[in-house]
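Engineer: Each residue of the sequence shown is one higher than the one before, starting from 6 at the first, in UniProt numbering.
The beta carbon of each residue, even a glycine, is placed where N, CA and C say it ideally should be.
Before I ask anything, here is the structure I am working with.
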Amino acid sequence: PGILYIVPTPIGNLGDLSPRAQQVLQQVAAIAAEDTRHSRQLLQQFAIDNEVFALHEHNERERAARVIERLQRGEDLALISDAGTPLISDPGYVLVQQARQAGIKVVALPGPCAITTALSGAGLATDRFTFEGFLPAKPQQRRKTLEALLTEPRTMVFYESPHRIVHALEDLQSVFGAEREMVMARELSKQFETFLHGSIAEVRAQVLADSNQQRGEMVLIIGGAAVQQDTDEVNAQALRTVQLLRQHLP
Ligand code: SAM
């Protein structure tokens with residue numbers, strides 16, 4: 006059987022399509038893409054004129070079966086999405102799962118992804134983090150999702166859309182409080198790349214004051230909840246207090 010390549014594409018800057026990604030996209034028999042028109046435009050810039058066919062969230066199940074047939078016939082195929090790494094808030098999970106079940110070799114190339122790009126430039130703790138994808142669009146569900154994360158100690162990464170950014174920041178502030186540290190990374194690798202850093206209230210004020218900050222593509226990173234002091238430390242402190250009191254009591 007052939008190989009299924011998972012190929013990340015730029016999240017803004019065309020220079021980020023790696024030489025290896027270009028080579029793989031040249032060599033495969035065909036490329037599965039989320040939006041064929043959008044991807045043909047990208048491929049054209051690299052003089053790649055392979056067959057491109059649609060694989061998006063509405064036809065993934067049905068298309069996956071056909072892709073696997075082609076792989077089993079010995080063709081190498083690649084999967085790309087509109088931007089960044091496929092399967093990361095993008096289609097591909099069903100295909101990769103089925104390919105693995107069918108015993109097909111899957112090769113995932115490293116490359117652009119808004120999560121790692123935002124995190125690596127944000128300056129919030131990166132030793133442990135959780136990716137939460139897009140927040141629910143409905144206000145009530147969005148609040149519920151955030152409330153469930155109130156005591157999450159790891160740094161939290163969210164994708165957000167410009168249509169909802171103002172409401173999202175409002176909910177973030179009311180759930181996590183005005184003082185929690187955050188970063189909003191916008192238009193990464195593009196001309197108007199911006200990192201806003203501060204408390205949730207500070208970042209929110211900047212976004213409200215400047216409508217340009219409400220445009221484009223954005224990642225929100227929220228600092229984790231302060232970890233509770235561990236019980237040994239608390240006990241040791243209590244013991245010291247009691248000893249001090251004893252010295253002063255008759
Ligand atoms: N697969 C992509 C990846 O690897 O990052 C993510 C696809 S998801 C449908 C699109 C979301 O990713 C945007 O709404 C935004 O939250 C984030 N994103 C993508 N490109 C970005 C960029 N250049 N700057 C900031 N955020 C970006």
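Report, in whole angstroms, the separation of the C-beta atoms of P13 and I109, which I expect to be a contact under 8 Å.
Structural biologist: The pair is not a contact, with the Cβ atoms about 20 Å apart (cut-off 8 Å).
Engineer: From the DSSP secondary-structure annotation, give me the bridge partner or partners of I36.
Structural biologist: According to DSSP, which records beta bridges pairwise, I36 is partnered with V57 and A83.
Engineer: Comparing C-alpha positions only, which one of V162, T90 and L60 sits nearest to D21?
Structural biologist: It is T90.
Engineer: With DSSP as the reference, identify every bridge partner of I227, one or two as the case may be.
Structural biologist: Answer is M161 and M187.
Engineer: How many whole angstroms separate the CB atoms of E198 and R191, which I take to be in contact at a CB cut-off of 8 Å?
Structural biologist: With a Cβ gap of about 7 Å, E198 and R191 count as contacting.
Engineer: Can V171 and L201 be called in contact, C-beta distance under 8 Å?
Structural biologist: No. Outside cutoff.
Engineer: If you measure between the beta carbons of A83 and L30, is that distance less than 8 Å?
Structural biologist: Their beta carbons are under 8 Å apart, which means A83 touches L30 by this criterion.
Engineer: Using the DSSP secondary-structure output, state which residues sit across from L9 in a beta bridge.
Structural biologist: Answer is L82 and V111, bridged to L9.
Engineer: What do you get for F139, buried or exposed, if any count of 16 or more other CB atoms within 10 angstroms of its CB means buried?
Structural biologist: By the neighbour-count rule (16 or more Cβ atoms within 10 Å), F139 is not buried but exposed.
Engineer: What's the C-alpha gap between I36 and V232?
Structural biologist: Near 46 Å, if we compare the C-alpha coordinates of V232 and I36.
Engineer: Below 8 Å CB to CB, which residues in the same chain sit around L151 once its five sequence neighbours on both sides are set aside?
Structural biologist: The answer, listed in chain order, is L140, D176, L177, V180 and F181.
Engineer: Is G126 near the ligand SAM - that is, is its Cβ less than 7 Å away from at least one heavy atom of it?
Structural biologist: Checking every heavy atom of the ligand SAM against the Cβ of G126, none is found closer than 7 Å.
Engineer: Expressed to the nearest angstrom, what Euclidean distance is found between the alpha-carbon atoms of R25 and R45?
Structural biologist: One C-alpha to the other measures close to 18 Å.
Engineer: Is the CB-CB distance between T122 and I11 below 8 Å?
Structural biologist: No. Outside cutoff.
Engineer: What do you get for V162, buried or exposed, if any count of 16 or more other CB atoms within 10 angstroms of its CB means buried?
Structural biologist: It counts as buried.
Engineer: Can you look up F181 in the DSSP assignment and give me helix, strand or coil?
Structural biologist: Residue state, collapsed to three classes: helix.
Engineer: Residues bridged to G89 by DSSP?
Structural biologist: DSSP lists T14 as partners of G89.
Engineer: For V101 and V72, what's the separation of their Cα atoms in angstroms?
Structural biologist: Taking the straight line from one Cα to the other gives about 10 Å.
Engineer: From what residue to what residue does the alpha helix (DSSP H) around E67 run?
Structural biologist: Counting along the chain, the alpha helix (DSSP H) containing E67 begins and ends at E65 to Q77.
Engineer: Does the ligand SAM have even one heavy atom less than 7 Å from the beta-carbon of G17?
Structural biologist: G17 Cβ: within cutoff of the ligand SAM.
Engineer: Between the Cα of A88 and the Cα atoms of N217, Q218, L193 and A69, which residue gives the shortest distance?
Structural biologist: With distances taken between Cα atoms, A88 lies closest to L193.
Engineer: Can you look up T156 in the DSSP assignment and give me helix, strand or coil?
Structural biologist: T156: coil per DSSP, three-state reduction.
Engineer: Let me know if S86 comes out buried or exposed under the rule of 16 or more other beta-carbons within 10 Å of its beta-carbon.
Structural biologist: With 16 or more other Cβ atoms within 10 Å, it is buried.
Engineer: Is any non-hydrogen atom of the ligand SAM found closer than 7 Å to the C-beta of A243, if you look at the structure I gave you?
Structural biologist: Checking the Cβ of A243 against the ligand SAM gives no.
Engineer: Which residue from T246, T160, Q219 and I8 puts its Cα closest to that of L114?
Structural biologist: Closest option to L114, Cα to Cα, is I8.
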